[in-house]
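Novice:
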Ligand SMILES: [Mg+2]
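In UniProt numbering, the protein residues as written are 1 to 371.
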């Protein structure tokens with residue numbers, strides 16, 4: 001992207017490794033190459049979930065965050081591989097060394113994904129597309145892995161672009177193409193729009209960016225709260241968020257707003273188990289354990305409370321997260337309440353268990369798994 005017209009325009013690259021954990025396993029174990037494999041929990045145990053599926057497994061419909069049992073039903077010859085986080089962290093560290101040849105403005109989102117601001121690059125290459133090509137080539141030559149890159153003038157568009165031609169893609173969406181691109185984009189592709197919000201939008205007759213654009217900022221805010229203002233800007237291609245190289249994780253969690261209020265304890269427990277599983281997978285992914293488990297409850301009248309329990313030793317296993325969340329819930333007398341949102345967060349990681357600041361994100365969306 002050349003800056004002929006606007007010298008303040010930024011050059012942002014989003015790099016996303018292709019099926020990262022599975023690709024590292026296929027690289028290190030030739031017997032897995034060309035095979036349908038998943039990295040993740042065993043289908044025999046309780047709570048096993050797919051962290052990453054190889055592209056061969058995706059052909060059978062196997063996806064990240066899917067229970068391993070279900071994955072095995074879809075693909076009976078699927079090979080389950082236990083994660084080797086040390087190998088993924090090592091690859092991730094090397095990838096970041098490659099990024100650092102071009103810029104210090106690197107914002108990792110996870111082990112396998114990062115934003116780079118190359119508005120001014122260390123080697124005076126000046127073209128973000130050229131830098132993205134060089135980075136992809138170096139990752140291929142030095143690590144025998146593939147990455148997909150999205151190049152644009154802001155984070156939002158760069159991230160969507162990196163996902164368009166996976167695997168091994170490079171997609172550039174220039175300033176003059178952004179508005180048209182955003183107009184045709186289905187609402188569920190807007191990251192930050194979860195399934196519940198996407199369904200709500202569709203009920204309102206909003207299917208694409210173009211539909212969203214018909215609404216005023218005030219209308220969007222009244223329907224979608226604070227995020228409405230973000231949608232208003234983003235659909236016009238406006239995203240001023242900076243690439244932040246020094247974010248640190250203080251907590252890690254997940255929450256869900258339900259399409260209807262929960263009134264049965266059994267339903268609440270089932271939802272807590274689902275949320276706990278997502279939190280558990282994220283803890284695994286970042287190799288974290290926390291000393292504090294926090295339960296968040298929002299009632300039908302929007303009143304919100306949090307309850308937490310701290311442990312002498314860091315915890316990170318699924319059973320403990322579920323049982324603690326259920327105990328915290330029981331102490332709020334949920335039997336006569338109407339609950340619209342539940343969330344579980346782990347925090348208080350302690351210095352020893354926190355990987356270096358480059359290794360995990362401050363914010364994770366509900367399904368923040370490998371693509
Ligand atoms: Mg990825």
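Built from N, CA and C at the ideal position, the CB exists for glycine as well.
As the structure is a computational prediction, the values presented were derived from the model and not from experiment.
#1: On the premise that residue 342 lies in contact with residue 296, defined as a C-beta separation below 8 Å, what is that separation, rounded to the nearest angstrom?
#2: Which whole runs of the beta strand (DSSP E) in the region 192 to 266 are 3 residues long or more, in chain order?
#3: Taking 6 Å as the limit between beta carbons, can you name the residues of its chain near residue 298, skipping five residues before and five after?
#4: Locate the beta strand (DSSP E) running through residue 328, then write down its first and last residues.
#5: Give me the residue from 250, 273, 59 with the minimum Cα distance to residue 256.
#6: Hey, how far is the Cα of residue 224 from the Cα of residue 100?
#7: Output the boundary residues of the alpha helix (DSSP H) element that contains residue 72.
#8: Alpha carbons only, please: which of 320, 291, 336 is nearest the one belonging to residue 262?
#9: Is the distance from the Cβ of residue 123 to the Cβ of residue 102 below 8 Å?
#10: Could you tell me which of 326, 331, 232 sits nearest to residue 215, measuring between CA atoms?
#11: Is the closest heavy atom of ligand 1 to the C-beta of residue 179 under 7 Å?
#12: Tell me the DSSP secondary structure of residue 365 in three-state form.
#13: Going along the chain, which residues of its own chain have a beta-carbon closer than 6 Å to the beta-carbon of residue 169, five neighbours each way excluded?
#14: Suppose the cutoff is 8 Å on Cβ atoms and the five residues either side in sequence are ignored; what does the same chain contact list for residue 356 look like?
#15: Does the Cβ of residue 20 lie closer than 7 Å to at least one heavy atom of ligand 1?
#16: Where does residue 300 sit, in a helix, a strand or coil, going by DSSP?
#17: Quick one: Cα of residue 183 to Cα of residue 190, how far?
Specialist: On the basis of the supplied data:
#1: 7 Å
#2: 251 to 262
#3: 304, 340, 341
#4: No beta strand (DSSP E) contains residue 328, which is instead part of the alpha helix (DSSP H) from 318 to 330.
#5: 273
#6: 38 Å
#7: 68 to 74
#8: 336
#9: yes
#10: 232
#11: no
#12: The predicted position of residue 365 is uncertain, since its pLDDT is 29 and thus under 50; no value can be drawn from it.
#13: 148
#14: Interpretation of residue 356 is limited by its pLDDT of 35, a score under 50 that renders its predicted location unreliable; the figure taken from the coordinates is listed afterwards. Contacts found: none.
#15: yes
#16: coil
#17: 11 Å
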